[in-house]
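In the numbering used here, the protein residues as written are 84 to 164. Here is the structure we will look at.
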Amino acid sequence: MDSVKEAENSVEKVDPSLPYKVADLSLAKWGRMEMALAENEMPGLMATRQKYGKDKPLAGLKVMGSLHMTIQTAMLIETLE
Numbered sequence: 084m085d086s087v088k089e090a091e092n093s094v095e096k097v098d099p100s101l102p103y104k105v106a107d108l109s110l111a112k113w114g115r116m117e118m119a120l121a122e123n124e125m126p127g128l129m130a131t132r133q134k135y136g137k138d139k140p141l142a143g144l145k146v147m148g149s150l151h152m153t154i155q156t157a158m159l160i161e162t163l164e
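Written out as structure tokens, the structure reads:
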């Protein structure tokens, strides 16, 4: 699966000097692989990302919410990024 390979490679971009507030940063690779798998479970979000990703129609806006951190929430955050 190409997205799993991309996920594995993206973990290498993590800067270990940044002050992350996570319990175990060593789980980043696992999280990226879970996100790659979640792409198949979220066709609507992936279609939105593909359609509007380059245009970034929400650029400059602050989007706030109170959500449990799940793989799906991570996918939403990356889409809004």
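Every residue, glycine too, gets a C-beta built ideally from N, C-alpha and C.
- Counting only runs of 4+ residues fully inside the stretch 135-164, write out the alpha helix (DSSP H) ranges in chain order. 154-163
- Message: So for Ala130, helix, strand or coil by DSSP?
- Response: Here residue 130 refers to the residue found at position 47 when the sequence shown is read from its first residue. In the structure shown, Ala130 sits in a helix (DSSP, three-state: H, G or I).
- Given 8 Å, three or more beta-carbon pairs between the stretch 122-140 and the stretch 101-114: no
- Query: Straight-line CA distance for Thr162 to Ser109?
  - Reply: Here residue 162 refers to the residue found at position 79 of the sequence shown. Here residue 109 refers to the residue found at position 26 of the sequence shown. C-alpha separation (whole angstroms): 23 Å.
- Residue from Asp107, Ala106, Leu120 and Lys112 whose Cα sits closest to the Cα of Met158: For the purposes of this step, residue 158 is taken as the residue at position 75 of the sequence shown. The shortest C-alpha separation from Met158 is found at Leu120.
- Message: If you reduce the DSSP assignment to three classes, tell me which class Ala106 lands in.
- Response: Indexing the sequence shown from 1 puts residue 106 at position 23. It is coil, neither helix nor strand.
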